[in-house]
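Asker: I am attaching a structure below and will ask some questions about it afterwards.
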Amino acid sequence: MLQHLDLGLYLMRKRQQQLEDVEIADWTTTDVFFMNHISTCFAENKRKKQQVGWKIRKSLLNVVNGKVPPCGFDWQNVYTVYTPFMLTKYKHWVAVMIDLVLCEIKVYDSKVSLIPDDIIKEELAPLSITLPNLLNTMDFYEEGVYANNCSRDWWCPWPIERVDVPQQSNEGDCGMFVLKYIELLSAQLPLATCTSHNMPFFRLKLAAEITRGDAYFP
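Shown next, in the form of structure tokens:
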């Protein structure tokens, strides 16, 4: 599923760039490895308690600058960033939305009964803490479209909220739910079609998109 998730996200970004006149262009996605870089950066800085300021990995700077992943956007030109996150202990994927205006993190989970809220927040704490330090290193909120335009104290850990979304009724569909959540949210479409009943069709659609190298409309 890891490779299919990454390809699905890439095709969304590619479609967004190819159809910029008709696609909503205020968002981007990361790849599936972004959260690994966040966790590593958090762990490295947590060990160095005496240092002044955070040491930020170049891999993260390149993501924010839009250099990676392919067809990504500079975060200065978008309002929201979507990323998949694997809760390894539970072998479960969730979709995460990073809101750069409200400075908050929203979680779209297709099986909320599997993992308690406090565990979700604990697992995403590295993102909540690393994000403001990453953006501070880059003077993100001091220039461009975000200058003096943030609605909270962005330098504090960002709040995490799990959103009420359609739920899966069987096993093994969480990765496909993540892709559909991101695809529909980025297009500002309702999530009502995200059902286990529709997942076989969405899998076939993704397979066709990967084969042709382009994503269809949601």
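Mapped onto full-length UniProt numbering, the consecutive letters of the sequence shown carry residue numbers 1 to 218.
For each residue, glycine too, the CB sits at the ideal point set by N, CA and C.
None of the values given here were measured: they were computed from a predicted structure.
(1) From the DSSP output, in three-state form, read off residue 247 for me.
(2) For Arg15, which residues from the same chain have a beta carbon less than 6 Å from its beta carbon, with the 5 sequence-adjacent residues on both sides left out?
(3) Any beta carbon from chain B within less than 8 Å of Thr80's own beta carbon?
(4) Could you say which of Tyr90, Asn45, Asp74 lies nearest to Gly53 if we only look at CA atoms?
(5) For Val78, collect the residues of the same chain with a Cβ closer than 6 Å to its Cβ; drop the 5 residues on either side in sequence, then sort them by chain order.
(6) Name the residue from Gly66, Met138, Thr130 whose alpha carbon lies nearest to the alpha carbon of Pro159.
(7) Could you compute how far the alpha carbon of Lys67 sits from the alpha carbon of Val163?
(8) In three-state DSSP terms, what is Ala192?
(9) Considering only C-alpha positions, which residue in the set Leu114, Val81, Thr195, Lys89 is nearest to Gln167?
(10) Answer yes or no: do Leu127 and Ile38 have a C-beta to C-beta separation smaller than 8 Å?
(11) Could you tell me which of Phe33, Arg57, Asn198, Pro190 sits nearest to Met176, measuring between CA atoms?
(12) What did DSSP end up calling Lys106 once you bin it into helix, strand or coil?
(13) What does DSSP give as the partner residues of Ile160 in its beta bridges?
(14) Mind checking Phe217: buried by the 16 CB within 10 Å criterion, or exposed?
(15) Based on DSSP bridge pairs, tell me the residues matched to Asp99.
(16) Contact defined as beta carbons within less than 8 Å: I believe Glu161 pairs with Glu104. What is the distance between those atoms, to the nearest angstrom?
(17) Given that a residue counts as buried once 16 or more other Cβ atoms are within 10 Å of its Cβ, and exposed if not, what is Phe201?
(18) Drop a sphere of 10 angstroms on the beta-carbon of Phe106, count the other beta-carbons inside from all chains shown, and report buried for 16 or more, exposed for fewer.
(19) What is the residue span of the beta strand (DSSP E) that Thr28 lies within?
(20) In angstroms, rounded to a whole number, what distance separates the CA positions of Trp75 and Val64?
Answerer: The answer reads as follows:
(1) Residue numbering for the chain in the displayed model covers 1 to 218; residue 247 lies beyond these limits and cannot be assessed.
(2) Ala215
(3) Absence of chain B from the displayed structure is noted, only one protein chain being present.
(4) Asn45
(5) Asp26, Trp27, Thr28
(6) Thr130
(7) 30 Å
(8) coil
(9) Thr195
(10) yes
(11) Asn198
(12) strand
(13) Ile105
(14) exposed
(15) Thr80, Glu104
(16) 7 Å
(17) exposed
(18) One detail in the question is off: residue 106 reads as Lys in this sequence, not Phe. With 16 or more Cβ atoms within 10 Å of its Cβ, Lys106 is classed as buried.
(19) 27-29
(20) 5 Å
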